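Take a look at the structure set out below.
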Amino acid sequence: MKLNLKIWRQKNSAVTGRLVDYQLDDVSPDSSFLEMLDLLNEQLVSEGEEPVAFDHDCREGICGTCSLNINGIPHGPQKATTTCQLHMRHFEDGETIVIEPFRAKPFPVISDLIIDRSAFEGITQAGGFITARTGSAPDGNSIAVRKNIAEKAMDAASCIGCGACVAACKNASAMLYVGAKVSHLNLLPQGAAEKDRRVLSMVWQMDRAGFGNCTNYGECSAVCPKEIPLDVIAKMNRDYAVATVKNIFTQAM
Amino acid sequence: MNPFLQLLRSSLGKKYLMALSGFVLAGFVLGHMAGNAQIFLPPEYINAYGHKLQSLPGVVLWGIRLFLLLCVVVHICVAVLLTIENRLARPDRYEKEATVEATISSRAMPYTGLILLFFIIFHLLHYTVRSIYDYSNLPYNLHGETVHDIYTMMYLGFSHWWVSIFYIAVMGLLCLHLTHGVSSMFQTMGWRNEKWRAILDKAAAAYGWVVFLGFVSIPVAVLLTEHAGIALLDKEHVEATLALAKSLTLNQ
Ligand code: HEM
Ligand code: FES
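Taken in sequence, the protein lines are chains A and B. Number 1053 in my numbering belongs to position 150 of the first sequence; there are no gaps in the numbering. Number 335 in my numbering belongs to position 53 of the second sequence; there are no gaps in the numbering.
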């Protein structure tokens, strides 16, 4: 199939970028979106031009490294699919595809389509862990977890931290990501001990990084490749309120 | 940091303020609508109701007024702050941006809110301060006591078609604001899950429609009575009050 591409080119974070037109004449509908970009880059290199920089790693939809805003939607038009798992058969022959980096103030462009997502790491470092003695693995099932709780925690834990939620949100809010990380650990007995401290410091770090505020649009969950539900945000809101009230009372005493 | 300050500075603290002030305002709007609906009863009802509210002890009346004003001020200030922060969080816009899920009501919140602010100011000048038209001389005999004739004031107010059209349009925007807001405030406070989400969305839309229809029925009824000859309200009472007011002015 033939494709007209409009791709964001930006040498580095210091200069401004712009959309550049490219054409590909022979793309297999069975190729993935990233393979299509590989094809373009081969063409560019053979013409002596700079290839388009884009992020990828596992290409199996599990690592969260691939990104891209494709025709205005993070990870493209296919529901519950990462860019690396998106196939060209979902596009029309002769279609024009606009490809941009995920955009948010805390996600500066490094080069072309590659952005710096370390703001997410900062949030996770602030509380997205449990403080446990390392050593040999504990016996499986030594801590009983109710089935419905385990399922909710697993749903939240399926977040791959790709940043599509921030990219899709009209406010560039990171609350689906933070909600997923908070819910995952706060729901489980292993994480419950540090519940309050976790939610307070992760939200604090999220605000400091400069993400926007959720206004309950629901764009994040709709584009999430792992379909993380909006529930996790409600859970974070609830846990934060409880933690704050407890904090006010314990500090007052 | 002081946990109270930390709360107020945090994104979620601001969102809680939005939801709590919105909750008060949404409750007030429903109560206000129900009170106004008494215009469909004989004039005595709404005039007695208004008189009762007006003659509440000063501390109570002003306490309620100042509390509502506080809620409006908090709601607006925090809305402005959050909206600015949200714009700053995406300094470079997308060249191409799609919308997958967000409803019109959710996307219009800052705009419907802003128009509501102008409306609130106009409304207070219109019927509370009464500086747009003079409604000071509308006497009503309530069991021997001369009180303000609210029935006639509302009738006269809405008999100007431009005022009625403006009120009706803004109530449509209020309906839109509530459709998102009333459901959204449950999410903000963390009182919502996937099972309740759809129900709360419908309940919020219903809430918006009830408030809309309740309020709009009044200017519509005035216009029909005044201009279409469909007597939904007591026009004779209005004329009698105006005649009484005139004779009182002449006698002075
Ligand atoms: C006076 C000017 C007003 C402005 C500028 C304004 C603006 C806003 C904004 C920007 C939001 C946040 C939207 C979001 O989170 O998606 C909001 C939420 C809300 N507003 Fe207003 N509004 C105003 C008046 C009102 C009034 C009069 C009511 C009640 C009838 C009201 C009820 C609500 C509710 C219930 C929410 C939901 C809170 C939440 O999302 O947690 N607002 N408003
Ligand atoms: S490259 Fe790993 S999820 Fe797409």
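Note that beta-carbon positions come from the ideal geometry of N, C-alpha and C, so glycine has one too. These numbers come from a predicted model, not from an experiment.
heavy atom of the ligand FES below 8 Å from residue i C-beta
{"i": "CYS1123(A)", "result": "no"}
{"i": "GLN988(A)", "result": "yes"}
{"i": "ILE985(A)", "result": "Ile is not the amino acid found at residue 985(A); the sequence shown has Thr there. Correct: THR985(A) has its Cβ closer than 8 Å to the ligand FES."}
{"i": "ASP960(A)", "result": "yes"}
{"i": "THR968(A)", "result": "yes"}
{"i": "GLU938(A)", "result": "no"}
{"i": "CYS1065(A)", "result": "yes"}
Sequence-distant residues of the same chain with beta carbon closer than 6 Å to residue i, five excluded per side
{"i": "ALA1030(A)", "result": "The question names Ala, yet the displayed sequence has Gly at residue 1030(A). Answer for GLY1030(A): ARG1101, SER1104 and MET1105, listed in chain order."}
{"i": "GLN336(B)", "result": "none"}
{"i": "CYS1072(A)", "result": "GLU1122 and CYS1123"}
{"i": "MET939(A)", "result": "VAL930 and MET991"}
{"i": "LEU364(B)", "result": "LYS296"}
{"i": "ILE432(B)", "result": "ILE328, ASN329 and GLY332"}
{"i": "LEU1130(A)", "result": "It is Glu, not Leu, that sits at residue 1130(A) in the sequence shown. Cβ within range, chain order: ALA983."}
{"i": "VAL1055(A)", "result": "Position check: residue 1055(A) holds Lys in this sequence, whereas Val was assumed. Excluding sequence neighbours, LYS1055(A) sits near LEU1090."}
Cβ-heavy atom distance, residue i to the ligand ADP, below 8 Å
{"i": "GLU963(A)", "result": "As far as ligands go, the structure on display features the ligand HEM and the ligand FES and does not contain the ligand ADP."}
Chain-order list of residues whose beta-carbon lies under 8 Å from that of residue i (same chain, five-residue window excluded)
{"i": "ASN318(B)", "result": "ILE328, MET436, GLY496, PHE497 and ILE500"}
{"i": "ASP1099(A)", "result": "ASP1142, VAL1145, ALA1146, LYS1149 and ASN1150"}
{"i": "LYS411(B)", "result": "Looking at the sequence itself, residue 411(B) is Val, so the reference to Lys does not match. Nothing listed; no residue qualifies."}
{"i": "GLU963(A)", "result": "CYS987 and GLN988"}
{"i": "CYS969(A)", "result": "LEU937, PHE957, ASP958, HIS959, ASP960, ARG962, HIS978, THR985, THR986, CYS987 and CYS1065"}
{"i": "PRO325(B)", "result": "TYR422, ASP431, TYR433, THR434, ASP516 and HIS519"}
Own chain residues within Cβ distance below 7 Å of residue i, not counting five before or after
{"i": "THR573(B)", "result": "This structure leaves residue 573(B) out entirely; chain B is present only between 283 and 534."}
{"i": "ALA301(B)", "result": "MET467, THR470 and MET471"}
{"i": "GLY979(A)", "result": "PHE936, ILE973, THR986 and LEU989"}
{"i": "HIS509(B)", "result": "none"}
{"i": "ARG1020(A)", "result": "PHE1010 and GLY1066"}
query: For the 8 Å Cβ check, are there 3 or more pairs between the region 392–411 of chain B and the region 994–1012 of chain A?
result: no
query: Using a Cβ cut-off of 7 Å, which residues of the region 353–368 of chain B contact any Cβ in chain A, in chain order?
result: LEU364, GLU367 and ASN368
message: Three Cβ pairs or more, each shorter than 8 Å: is that satisfied between the region 1001–1014 of chain A and the region 381–393 of chain B?
response: no
field: Stretch-stretch touch, CB-based, cutoff 8 Å, three pairs: the region 516–523 of chain B with the region 414–433 of chain B
entry: yes
- request: Select from the region 1005–1020 of chain A all residues with a C-beta closer than 7 Å to any C-beta belonging to chain B, and list them in chain order.
  value: ARG1006, ALA1007 and LYS1008
query: If contact means a Cβ-Cβ distance below 8 Å, which residues of the region 488–517 of chain B contact chain A?
result: none
query: Going along the chain, which residues of the region 1115–1136 of chain A sit with their C-beta nearer than 9 Å to a C-beta in chain B?
result: GLY1115, ASN1116, CYS1117, THR1118, ASN1119, TYR1120, GLY1121, GLU1122, CYS1123, SER1124, ALA1125, VAL1126, PRO1132, LEU1133, ASP1134 and ILE1136
- request: Report yes or no: do three or more beta-carbon pairs, one from the region 1043–1051 of chain A and one from the region 1074–1084 of chain A, lie closer than 8 Å?
  value: no
- prompt: Taking a cut of 7 Å between CB atoms, which residues from the region 961–990 of chain A lie near chain B?
  reply: ASN972, ASN974, GLY975 and ILE976
task: Please name the residues in the region 308–328 of chain B whose beta-carbon is closer than 9 Å to at least one beta-carbon of chain A, in chain order.
output: none
task: Give the residues from the region 374–386 of chain B that approach chain A closer than 9 Å (Cβ to any Cβ), ordered along the chain.
output: ASP374, ARG375, TYR376, GLU377, LYS378, GLU379, ALA380, THR381, VAL382, GLU383, ALA384 and THR385
Residues within the region 468–481 of chain B neighbouring chain A, beta-carbon criterion of under 9 Å: PHE468, GLN469, THR470, MET471, GLY472, TRP473, ARG474, ASN475, GLU476 and ARG479
query: Between the region 1082–1089 of chain A and the region 349–367 of chain B, do at least 3 Cβ pairs fall closer than 8 Å?
result: no
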